[in-house]
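Counting from 1, one number per residue, gives the positions in the sequence shown under the working numbering. Built from N, CA and C at the ideal position, the CB exists for glycine as well. What follows is a single structure, written as structure tokens, with notes after it.
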Amino acid sequence: MTDPRWIAQARGYLGLREIAGGKHNPKILEWWSAIGASWFKDDETPWCGAFVGGVLSETGIGPPARGAGASARSWLNFGVKLDRPAVGAIVVFERAGGGHVGFVVGKDQHGNLMVLGGNQGDAVNIKPFAPSRALGYRWPSTYPLEERFNLPVLTSDGRLSRNEA
1 MTDPRWIAQA RGYLGLREIA GGKHNPKILE WWSAIGASWF KDDETPWCGA
51 FVGGVLSETG IGPPARGAGA SARSWLNFGV KLDRPAVGAI VVFERAGGGH
101 VGFVVGKDQH GNLMVLGGNQ GDAVNIKPFA PSRALGYRWP STYPLEERFN
151 LPVLTSDGRL SRNEA
């Protein structure tokens, strides 16, 4: 099974990080603009929604209404609702003080969701997340093919993501 085009695009950003101090990563600022939230001028503001919206925009899929994608939980109203995770699905998590959003790319040997996301430890990476934190799954267009629900098993150290702010 090949990755949906937005996942292939997102994988190209693995390793991209915030810049500590007064400078800001220009790609993150570009993503803020892509989702219509150009009032954010830094890479310290939680940017997981900007990553998701920016990547979708780069692959020809419009993000939520102007600026709405800046809020992780706003992604619960985007696209088509899924009742379970699928490779390429947008997943929204609860988090103290807000939420977090990323893309499902698999599961690990412990049953955790493997999520490709931005602002995970201040970087773009793939981290394990407890499925119990998931608030919902969304698909950007028409319902995905059934094969997308067969999540591949990816190796992880089992340490769950805890830094998405």
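Assignment of Phe51 by DSSP, reduced to helix, strand and coil, places it in the helix class. Shown here, Ile28 sits in a helix according to DSSP, grouped into three states.
Secondary structure note for Ala134: it is in no alpha helix (DSSP H), and the uninterrupted beta strand (DSSP E) holding it is Ala134 to Trp139.
Ranked by Cα distance from Val104, the options Gly15, Ser33 and Arg138 are led by Arg138. Spanning the alpha carbons of Asn112 and Ala134 requires a straight line of approximately 11 Å. Shown here for Ala89: same chain residues with a beta carbon closer than 8 Å to its own, the five before and five after excluded, namely Leu82, Phe103, Val104, Tyr137, Arg138, Trp139, Pro144 and Arg148 in chain order.
For Ile7, no beta strand (DSSP E) encloses it; the enclosing alpha helix (DSSP H) starts and ends at Arg5 to Arg11. According to the DSSP secondary-structure assignment, Ala123 is paired through a beta bridge with Arg17.
Exclusion of the five residues before and after Val124 leaves Tyr13, Leu14, Leu16 and Gly118 as the residues of its chain whose Cβ lies within less than 6 Å of its Cβ. Following the DSSP letters along the chain, one finds His110 in no beta strand (DSSP E), marked with neither H nor E.
The C-beta separation of Pro63 from Ile35 comes to about 5 Å, placing the pair in contact by the 8 Å criterion. Per DSSP, the continuous beta strand (DSSP E) segment holding Ile90 begins and ends at Ile90 to Arg95.
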